[in-house]
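J.: Handing you a structure now.
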Amino acid sequence: MSNITNRIFKKKSVEYNHWGYLFIAPFFLIYIVFSLIPLLSTIINSFFETYRIGIMQVGPNFVGLKNFREVLFNSEVSKYAVNTLIMWLIGFVPQIVFALLLSIWFTDTELNLKFRGFFKTVMYMPNLIMASAFAMLFFVLFSDAGPANNIYLGLTGKSEGIRFLFRTDTVRSLVAAMNFLMWYGNTTLLLMSGIMGIDPGLFEAARIDGASPVQIFFKITLPLLMPILVYVMITSLIGGIQMFDVPQILTNGAGQPNRTSMTLIMYLNKHLFSKNFGMGGAVSVLIFMLTAALSAIVYSSTMKNYGTLYTKKAKKIKKGAEK
Numbered sequence: 077m078s079n080i081t082n083r084i085f086k087k088k089s090v091e092y093n094h095w096g097y098l099f100i101a102p103f104f105l106i107y108i109v110f111s112l113i114p115l116l117s118t119i120i121n122s123f124f125e126t127y128r129i130g131i132m133q134v135g136p137n138f139v140g141l142k143n144f145r146e147v148l149f150n151s152e153v154s155k156y157a158v159n160t161l162i163m164w165l166i167g168f169v170p171q172i173v174f175a176l177l178l179s180i181w182f183t184d185t186e187l188n189l190k191f192r193g194f195f196k197t198v199m200y201m202p203n204l205i206m207a208s209a210f211a212m213l214f215f216v217l218f219s220d221a222g223p224a225n226n227i228y229l230g231l232t233g234k235s236e237g238i239r240f241l242f243r244t245d246t247v248r249s250l251v252a253a254m255n256f257l258m259w260y261g262n263t264t265l266l267l268m269s270g271i272m273g274i275d276p277g278l279f280e281a282a283r284i285d286g287a288s289p290v291q292i293f294f295k296i297t298l299p300l301l302m303p304i305l306v307y308v309m310i311t312s313l314i315g316g317i318q319m320f321d322v323p324q325i326l327t328n329g330a331g332q333p334n335r336t337s338m339t340l341i342m343y344l345n346k347h348l349f350s351k352n353f354g355m356g357g358a359v360s361v362l363i364f365m366l367t368a369a370l371s372a373i374v375y376s377s378t379m380k381n382y383g384t385l386y387t388k389k390a391k392k393i394k395k396g397a398e399k
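Residues in the sequence shown are numbered from 77 upward in steps of one, following the numbering used here.
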């Protein structure tokens, strides 16, 4: 009787397991249709010459690595890469510093700040606004006849305002400011979750031993927060390399002045807009390789020896507290 029961149970368990494949099938179908096939077609197109002149379609003609050589030896591409890096850095550095300060203040048990939920909501709200809407708002505010120039003229009494959208420093600063405002709240919440995941006993032990708040931050919080920091840095780096909508709308796609705010994705968009799928595919593949390489460098350089060095420090502090 027991053998018959076991057979029935095994048969039913196998049948139930089949339902699992049915439930995960939509994900794989969506991934194959919207991610895998476009990825493979992009790589294939990068080896072909395919573009349009007026109504005449040229190609596809196999050209091997010709598209990659044209992109790599194009001096403008390196300029656009530098533009992208600069605008990402001047937005990310203050973002991570400000987010770290806020996350420490909101998670400090000694400060015990009130209305934390309200402040979290307010900080995260800019992230809910579309980047295109943000860019349009800044475009209106800082245009030649916008409110920013009207305030400047009223305060200084000058006859001419600042052409914010036609100066390299101001355009880059505006792009960085928008990225900062949109993402500092999300970064703060991520860092707060990381700090709240650290054993509170470590902080108590450090305070009992007479450690100052600065020492606690650099010796305990920052080392144990490193995995979250690395995640934030890598995701922000990927987003920075893919920077498109904000500078595209703010400069009307021209990357003005003199293409000093033109990003890599804006350059890619010009090839796609002109139906030059061969060059567009080559640029896409190179951006993918650049993103992977930089992410690997950031991860390896920041997480080196993390698993051994910082966990040993945490164990020592905890053992000292127990004694």
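Beta carbons are placed, not taken as given, at the ideal position from N, Cα and C, and that holds for glycine.
Take every Cβ of the segment 238-255, pair it with every Cβ of the segment 325-339, and state whether three or more of those distances are shorter than 8 Å.
T.: Counting Cβ pairs under 8 Å, three or more are found: they touch.
J.: Relative to the alpha-carbon of LYS351, which residue among VAL308, GLY286, ILE131 has its alpha-carbon at the smallest distance?
T.: Checked all of VAL308, GLY286, ILE131; the closest Cα to LYS351 is ILE131.
J.: Along the beta strand (DSSP E) that carries GLU125, what are the first and last residues, could you check?
T.: First-last of the beta strand (DSSP E) with GLU125: 124-129.
J.: Taking all protein chains shown into account, do 16 or more other C-beta atoms lie within 10 angstroms of the C-beta of ALA281, making it buried, or fewer, making it exposed?
T.: Buried is the call here.
J.: Taking the alpha-carbon of SER154 as reference, which of ILE373, LEU366, VAL374 has the nearest alpha-carbon?
T.: The residue with the shortest Cα to Cα distance from SER154 is LEU366.
J.: Roughly how far, in whole angstroms, is the beta-carbon of PHE256 from the beta-carbon of PRO170, given that I think they are within contact range, below 8 Å?
T.: With a Cβ gap of about 6 Å, PHE256 and PRO170 count as contacting.
J.: Under the rule that 16 or more other beta-carbon atoms within 10 Å means buried, what is HIS94, buried or exposed?
T.: So HIS94 counts as exposed.
J.: Can you give me the C-alpha to C-alpha distance between MET319 and ASP285, rounded to a whole angstrom?
T.: The straight-line gap from Cα to Cα measures roughly 46 Å.
J.: Which one or two residues does DSSP pair with GLN133 in a beta bridge?
T.: In the DSSP output, where bridge partners are listed per residue, GLN133 has ARG128.
J.: So if DSSP puts PHE218 in a beta bridge, which residue, or which two residues, is it bridged to?
T.: DSSP output for PHE218 lists no bridge partner at all.
J.: Comparing the C-beta of HIS347 with each C-beta of chain C, is any distance below 8 Å?
T.: The chain labelled as chain C is not found in the depicted structure, where only one protein chain is given.
J.: Should MET272 be labelled buried (16 or more other beta-carbon atoms within 10 Å of its own) or exposed?
T.: MET272 should be labelled exposed.
J.: Bridge partners of PHE138, per DSSP?
T.: Answer is PHE124, bridged to PHE138.
J.: Pick helix, strand or coil for MET206, following the three-state DSSP scheme.
T.: In this structure, MET206 counts as coil in the three-state DSSP scheme.
J.: With distance defined between alpha-carbon atoms, name the residue in SER151, GLY316, VAL308, ASN262 nearest to ASN203.
T.: Minimum Cα distance to ASN203 is reached at ASN262.
J.: Per DSSP, what kind of secondary structure is ARG283 in: helix, strand or coil?
T.: Looking at ARG283 - three-state DSSP - the assignment turns out to be helix.
J.: Among PHE182, ILE227, MET201, TYR200, which one has its Cα closest to the Cα of ARG192?
T.: Of PHE182, ILE227, MET201, TYR200, the residue nearest in Cα terms is PHE182.
J.: Which same chain residues end up closer than 6 Å to ALA211 when comparing Cβ atoms and leaving out the 5 residues on each side of it in sequence?
T.: The residues are VAL322, ILE325, LEU326.
J.: In this structure, does DSSP put PRO114 in helix, strand or coil?
T.: Residue state, collapsed to three classes: helix.
J.: Within 10 Å of its beta-carbon, does ALA358 have 16 or more other beta-carbons around it, so buried, or fewer, so exposed?
T.: By the 10 Å Cβ count, ALA358 comes out buried.
J.: Reducing DSSP to helix, strand and coil, say where ARG192 ends up.
T.: Of the three classes helix, strand and coil, the one that applies to ARG192 here is helix, per DSSP.
J.: For THR378, collect the residues of the same chain with a Cβ closer than 8 Å to its Cβ; drop the 5 residues on either side in sequence, then sort them by chain order.
T.: The residues are MET302, LEU305, VAL306, MET309.
J.: Have a look at ARG239 and SER117 and give me their C-alpha separation to the nearest angstrom.
T.: If you take the alpha carbons of ARG239 and SER117, they lie about 43 Å apart.
J.: What are the boundary residues of the alpha helix (DSSP H) that includes ILE314?
T.: Here the alpha helix (DSSP H) through ILE314 covers 302-317.
J.: List in chain order: all unbroken alpha helix (DSSP H) runs of 4+ residues lying wholly within the segment 331-364.
T.: Here the runs fully enclosed are 340-349.
J.: Hey, how far is the Cα of THR197 from the Cα of ASN137?
T.: Roughly 54 Å separates the two Cα atoms.
J.: Ignore the nearest five residues each way along the sequence and tell me which others in PHE293's own chain have a CB closer than 6 Å to its CB.
T.: The answer is none, since no qualifying residue turns up.
J.: Leaving out five residues before and five after VAL361 in sequence, what residues of the same chain have Cβ atoms less than 8 Å from its Cβ?
T.: For VAL361, where only same-chain residues beyond five positions count, the Cβ hits under 8 Å are THR118, ILE119, SER122, PHE144.
J.: Going by DSSP in three states, THR327 sits in which element: helix, strand or coil?
T.: Note: THR327 maps to coil in three-state DSSP.
J.: What residues in its chain sit with their C-beta under 6 Å from that of MET355, if we drop five residues either side in the sequence?
T.: Within the same chain, MET355 has close Cβ partners ASN143, HIS347.
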